[in-house]
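Residue numbers (full-length UniProt numbering): 1 to 341.
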Amino acid sequence: MAKTFDHGGGVRSVQVPIPDNPLGHTLVYVVDTDRGPVLVDTGWDDPASWDALTAGLAACGTSVQEVHGVVITHHHPDHHGLSGQVREASGAWVAMHAADAAIVRRARQTRPERWYAYMAAKLTAAGAPEEHVAPLRAPRRRTLPGLAPALPDREIVPGELLGLPGRRLRAIWTPGHTPGHVCLHLEEEHPARRPGHGRLFSGDHLLPEITPHIGLYEDPDDATVTDPLGDYLDSLERVGRLGPAEVLPAHQYSFGDAPGRVRELLVHHEQRLTGLLALLREPLTPWQLAERMEWNRPWPDIPYGSRTIAVSEAEAHLRRLVKLGRAEPVPGSEPVAYVAV
Ligand SMILES: [Zn+2]
Ligand SMILES: [Zn+2]
Numbered sequence: 001m002a003k004t005f006d007h008g009g010g011v012r013s014v015q016v017p018i019p020d021n022p023l024g025h026t027l028v029y030v031v032d033t034d035r036g037p038v039l040v041d042t043g044w045d046d047p048a049s050w051d052a053l054t055a056g057l058a059a060c061g062t063s064v065q066e067v068h069g070v071v072i073t074h075h076h077p078d079h080h081g082l083s084g085q086v087r088e089a090s091g092a093w094v095a096m097h098a099a100d101a102a103i104v105r106r107a108r109q110t111r112p113e114r115w116y117a118y119m120a121a122k123l124t125a126a127g128a129p130e131e132h133v134a135p136l137r138a139p140r141r142r143t144l145p146g147l148a149p150a151l152p153d154r155e156i157v158p159g160e161l162l163g164l165p166g167r168r169l170r171a172i173w174t175p176g177h178t179p180g181h182v183c184l185h186l187e188e189e190h191p192a193r194r195p196g197h198g199r200l201f202s203g204d205h206l207l208p209e210i211t212p213h214i215g216l217y218e219d220p221d222d223a224t225v226t227d228p229l230g231d232y233l234d235s236l237e238r239v240g241r242l243g244p245a246e247v248l249p250a251h252q253y254s255f256g257d258a259p260g261r262v263r264e265l266l267v268h269h270e271q272r273l274t275g276l277l278a279l280l281r282e283p284l285t286p287w288q289l290a291e292r293m294e295w296n297r298p299w300p301d302i303p304y305g306s307r308t309i310a311v312s313e314a315e316a317h318l319r320r321l322v323k324l325g326r327a328e329p330v331p332g333s334e335p336v337a338y339v340a341v
C-alpha cells in the first residue's frame, strides 16, 4: 500500500521504508513542475523501498518514468539510495552539493580494505580497546551499504535557485550532519497562507522530534581538522532566520515554527556540551568520553557499529569544546586525552 500525503501547492510526499531501521521511512517529496515531477531525495536502495516509491508516484497521479529531476539533500543511503534507479527509469538529472558529491566519488573509488585500515587507525587514536579495533584488522567479507552510490550529474550551488520549471526552489547550504547537506527553500506562498516565508525541505538537518547524528566528516584523504558540530549549529541558526511557514523534513512529519525548533536544538546542544565539560574534569580519551555520555541506552547495550558512530559523535563534541577554548588535549597523552580548561 502506497502511503502518500498531499501537502498542497503541488507538493506531495511518499513514505519510502528503510528496512530494519527504527526511523521507519524516508519522506520522498514530489514537487510538480512544468516539466514533470522533481523528487527531493529518493529513499533506501532495496526492492521493497523501490516498490513503495513507484507505487507512491502512481498514487500521486504520475510515474517514475515521468520524473524530471532529483534533488538530493545529502549523500546518506536513506536519501540517495534509489537515485541511480530513478535516473535509469526516467532519464532525470540528479543534483547534489559538491562536498557530498566528493564523498560519493570517494566511496566508489576507495577499496573496503582501505576504509577498514583507516577506521582501525582512527579508533586506536581515539582510545578504543583492542577488542573493538581487532575486527577491523581482519574484516569478514561484509558488504557495506552505499558502496556504489550514483554519481550526481548536477551540482547544487548554495544560495542559487535550482531552475525547476515554474517553481522557485533555492538551495541553502547546511553542513553539519554531512559536509554537503542542503535544505531547499520553496520560495512560494504557503498553500494555506500560513504566516512565514515559504516552505523548507529540511532533509535530516531539522527534524521535529530527533536530533541528527553529528560525527566527524570521515575522509581518509583529508587531514583537515573540521568542526562539524560548529558547522551544524551555524547552519541551524541560518535556517531559523529563514522563518519558513512550514518545515517538510525527510523523516517523521511536517511542522511549523522552525525558529522554535531551532532554539530547542541550540539549547539541547549547549546543555550537552556543558554536561561533557563536567565529565572532562578528569582527562578522558574520546572513547572514554563516549562511554560516559548519555545515549538512548546504556553503553554495554550499544551494538558494535553504533559504538563506532558514538565515538565519532564524542570526537565532534571534543573538537567544538577545543575550538571554543573550553577543553584542551593533555600534552604527551597517548592516545590523546582531553580535559576541561
Ligand atoms: Zn542522514
Ligand atoms: Zn536520513
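The C-beta atom is built at its ideal place from N, Cα and C for all residues, glycine as well.
Model, not experiment: these values are computed from the prediction.
Which ranges would you report for the alpha helix (DSSP H) in the segment 203-273 if only whole runs of at least 4 residues count?
228-242
Identify whether Trp44 lies in helix, strand or coil by the three-state DSSP scheme.
Coil, per DSSP.
Would you kindly check if the distance between the Cβ of Val16 and the Cβ of residue 357 is under 7 Å?
For residue 357 there is no data in the structure shown, the boundaries of the chain being 1 and 341.
Only counting runs of 4 or more residues, tell me where the alpha helix (DSSP H) segments fall wholly within the segment 129-192, in order along the chain.
130-137
If you measure between the beta carbons of His185 and Ile172, is that distance less than 7 Å?
yes
How would you write the range of the beta strand (DSSP E) that Arg13 sits in, first residue to last?
Contrary to the premise, residue 13 reads as Ser rather than Arg in this sequence. Val11 to Pro17 is the span of the beta strand (DSSP E), which, as asked, contains Ser13.
As a quick exercise: from Thr308, Arg320 and Gln252, pick the residue whose alpha carbon is nearest that of Val225.
Arg320
Which residue's Cα is closest to the Cα of Ser63: Leu123, Ala2, Gly9 and Trp44?
Of the candidates Leu123, Ala2, Gly9 and Trp44, Ala2 places its Cα closest to the Cα of Ser63.
Could you check what DSSP says for Arg320 in three-state terms: helix, strand or coil?
helix
Between Gly8, Ala148, Glu264 and Thr274, which lies nearest to His76 when the distance is taken from Cα to Cα?
Ranked by Cα distance from His76, the options Gly8, Ala148, Glu264 and Thr274 are led by Ala148.
According to DSSP, is residue 421 part of a helix, a strand, or is it coil?
Look at the range of the chain in this structure, 1 to 341, and you will see that residue 421 is not part of it.
Going by Cα to Cα distance, which pick from Leu289, Gly10 and Ala134 is closest to Cys60?
Gly10
Of the choices Ala117, Ala125, Pro152 and Ala128, whose alpha-carbon is the least far from that of Ala138?
With distances taken between Cα atoms, Ala138 lies closest to Ala117.
Spell out the partners DSSP gives Thr285 in its beta bridges.
DSSP, once it has assigned bridges, lists no residue as partnering Thr285.
Asp45 and His79 look like a contact to me (Cβ under 8 Å); what is the Cβ gap, rounded to whole Å?
Asp45 to His79, Cβ: 11 Å. No contact.
On the DSSP letters alone, give me the boundaries of the alpha helix (DSSP H) that Ala102 sits inside.
Ala98 to Gln109
Which whole-angstrom value describes the C-beta separation of Ala192 and Gly8, a residue pair presumed to lie in contact below a C-beta threshold of 8 Å?
Right, their Cβ atoms sit about 6 Å apart.
Can you round the beta-carbon distance between Gly56 and Ala92 to whole angstroms, since I take them to be within the 8 Å contact cut?
In fact, because the Cβ distance is near 16 Å, the residues do not count as touching under 8 Å.
Compute the Euclidean distance between the alpha carbons of Glu246 and Glu189, then round it to the nearest angstrom.
Going by the C-alpha atoms only, they are around 11 Å apart.
Would you identify the three-state DSSP class for Glu334, choosing helix, strand or coil?
The answer is coil: DSSP assigns Glu334 none of H, G, I, E or B.
Complete alpha helix (DSSP H) runs within the segment 33-80 (minimum length 4 residues, chain order):
Unbroken alpha helix (DSSP H) runs of no fewer than 4 residues, entirely contained in the segment 33-80, are found at 47-59 and 77-80, following chain order.
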